[in-house]
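Heads up, the sequence shown is in our numbering, so the first residue is 3 and it goes up one at a time. Backbone N, C-alpha and C fix where the C-beta goes; we use that ideal spot for every residue, glycine too. On a predicted model such as this, the values are computed, not experimentally measured, just so you know. Data first, discussion second: the structure below is written as C-alpha cells.
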Amino acid sequence: MTQTANPLRQFFRQPAIYLRLPSGGNYWPEKDIVMTPNKELPVLPMTAIDEITYRTPDALFNGQAVISVIQSCIPAIKNAWSAPSLDVNAILVAIRIASYGHNMGIGTTCPKCQNEDQYELDLRNILDQIASPDYSETISHGDLEIAFQPISYKNQNDTNQMQFEEQRMIRAIPGSDLTDEEKIAKLNAALKRITELTVEAMKFNIASIKTPQALVTEPEFIEEFLNNCDRNLFSKIRDRVIELRIASDLKPIAITCSNCSNKYEQSMNLDQASFFETAS
Ligand SMILES: [Zn+2]
3 MTQTANPLRQ
13 FFRQPAIYLR
23 LPSGGNYWPE
33 KDIVMTPNKE
43 LPVLPMTAID
53 EITYRTPDAL
63 FNGQAVISVI
73 QSCIPAIKNA
83 WSAPSLDVNA
93 ILVAIRIASY
103 GHNMGIGTTC
113 PKCQNEDQYE
123 LDLRNILDQI
133 ASPDYSETIS
143 HGDLEIAFQP
153 ISYKNQNDTN
163 QMQFEEQRMI
173 RAIPGSDLTD
183 EEKIAKLNAA
193 LKRITELTVE
203 AMKFNIASIK
213 TPQALVTEPE
223 FIEEFLNNCD
233 RNLFSKIRDR
243 VIELRIASDL
253 KPIAITCSNC
263 SNKYEQSMNL
273 DQASFFETAS
C-alpha cells in the first residue's frame, strides 16, 4: 500500500526560535516575505544539506549559499535577495542559534601580547543589540529633500563583488608585463571604477529626492544626479549612507586579555563559512 501523505512529516525539523526582524518587515517587497500577525518569524535549524551548502566557498562568495540557507531555515522568506541589509545579520544570528544553540566560541589574539584566547559569546545578546537605524530623517539642501532606505542584500552583494574584482585587478598590476605608463593607466581606470561603484551603491540607499516640482525615485536618475551634484551635497549624502550602514552593523565585541588585561575590540563577520562551523 502506498501512502500519499508522509507519516514522517510530523518528525521533520521544528522551529527552534522566533525572530523579530529589525526592519519589522518594512522595506521588503510584499511578495518576498510572508509576515506573521505578531511579526515573529519561525526559524528552523539547518539541515545537513544547508550545512554543506554554507561551506562551499564559491557558493558563499557569490552570495547564493547565504540565500539558500536563509530560505530553507526561514520559510516565511520567499526571496532572501530582497532582504534589506539591516536584517541580514539578525537573520544569520537567528539561524546560528536555531542550529547550534546560543553559545558561540570565538578565537581571538591580543594585539598587545599576542596571547590567544577563546571567548564565549551569547548570541542572544548580539541579537538583542541589533537595531534598525532611523531611515526617516531626510537631508534638506536648498530646494531638495533627500530620503533614505536600506540597500537590498542583492545590490549590496553585487557591489561588493564588483569592488572585489577591481581590487584584485589592482593587486595584479605590479607583477604584469605592462610598461609603467600602461600600469598607471590601468590603475587609474580601476580606481575610477571603484568610485563609480561607490556611487552606484549609494543610489540604492536613496529612497527619493524631492524637488519643488517632482518626486524622483528612479535609480538611474538618482545616479545621474549623484554624478553631477556639487561635492558638498555629495559628501553630505555619502556621510549619511555610511552612518546608516555603521548603525546597522554588528557592534564589535569588547574583550579583556586574560594574560595582560589589555582591553580591545574585535569585529564580527557573519557572512563567512566559519560562522556556521559546527559548535563543539
Ligand atoms: Zn594581552
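Pair within 8 Å by beta-carbon distance, residue i and residue j
i: D52; j: S74; result: yes
i: T140; j: A149; result: yes
i: Y121; j: G103; result: no
i: P47; j: S101; result: yes
i: Y20; j: P59; result: no
i: E42; j: R22; result: yes
i: D124; j: C259; result: no
i: I93; j: I76; result: yes
i: E222; j: V201; result: no
i: T49; j: I257; result: no
i: C231; j: N117; result: no
i: L193; j: N91; result: no
i: Q151; j: L199; result: no
i: N264; j: K80; result: no
Spatially closest choice to residue i from the options, by CA coordinates
i: L272; options: T111, E147, I72 and V243; result: I72
i: F1; options: I208, P214 and Q215; result: In the structure as shown, the chain begins at 3 and stops at 282. Residue 1 is therefore absent and cannot be evaluated.
i: Q169; options: K265, A92 and N190; result: N190
i: S138; options: V218, N28 and R57; result: N28
i: Q163; options: R173, L146 and I196; result: I196
i: Q146; options: S237, C112 and T213; result: Going by the sequence as given, residue 146 is Leu instead of Gln. Measuring from the Cα of L146, the nearest candidate turns out to be T213.
i: A67; options: S25, T55 and P254; result: T55
i: S154; options: P31, I248, F166 and I255; result: P31
i: A78; options: P17, N105, G109 and D136; result: P17
i: G26; options: C115, T111 and D136; result: D136
i: L235; options: I248, I211, K80 and E220; result: I211
i: I255; options: R15, T6, C112 and N40; result: C112
Buried/exposed call for residue i, threshold 16 Cβ in 10 Å
i: K205; result: buried
i: V95; result: buried
i: L10; result: exposed
i: L217; result: exposed
i: G65; result: buried
i: S142; result: exposed
i: P24; result: buried
i: A281; result: Because the pLDDT at A281 is just 47, under 50, the model does not fix this residue reliably, and the value given afterwards should be weighed accordingly. Exposed, because fewer than 16 other Cβ atoms sit within 10 Å of the Cβ of A281.
i: L246; result: buried
i: S250; result: buried
i: R98; result: buried
i: N159; result: buried
i: I8; result: The residue asked about is misnamed: residue 8 is Asn in this sequence, not Ile. N8 is exposed by the Cβ-count criterion.
i: A187; result: exposed
i: N157; result: buried
Does the pairing of the region 237 to 245 with the region 75 to 87 give three or more beta-carbon distances under 8 Å? Using a C-beta cut-off of 8 Å, the region 237 to 245 makes no contact with the region 75 to 87, since fewer than three inter-stretch Cβ pairs fall below that distance.
Beta strand (DSSP E) runs contained entirely in the region 143 to 230, provided each spans 3 or more residues: DSSP runs (the beta strand (DSSP E)) wholly in the region 143 to 230: 146 to 150 and 208 to 212.
Pairs of beta-carbons, one from the region 254 to 271 and one from the region 171 to 190, closer than 8 Å: are there three or more? The region 254 to 271, when compared against the region 171 to 190, does not touch it at the 8 Å Cβ threshold.
Contact between the region 35 to 45 and the region 115 to 130 is defined here as three or more beta-carbon pairs at a separation below 8 Å; is this criterion met? Fewer than three pairs of CB atoms, one per stretch, sit closer than 8 Å, so the region 35 to 45 makes no contact with the region 115 to 130.
Write down every uninterrupted run of the beta strand (DSSP E) in the region 21 to 78 whose length is 3 residues or greater and which is fully enclosed by it, in chain order. Taken in chain order, the unbroken stretches of beta strand (DSSP E) that lie wholly in the region 21 to 78 and span 3 residues or more are 42 to 45.
Length-filtered (4 minimum) alpha helix (DSSP H) runs lying within the region 74 to 116: The alpha helix (DSSP H) runs lying completely inside the region 74 to 116 and spanning 4 residues or more are 87 to 102, given in chain order.
At 3 residues or longer, and completely inside the region 251 to 278: list those beta strand (DSSP E) runs for me, N to C. Restricting attention to beta strand (DSSP E) runs no shorter than 3 residues, the region 251 to 278 encloses them at 255 to 258 and 265 to 268, ordered along the chain.
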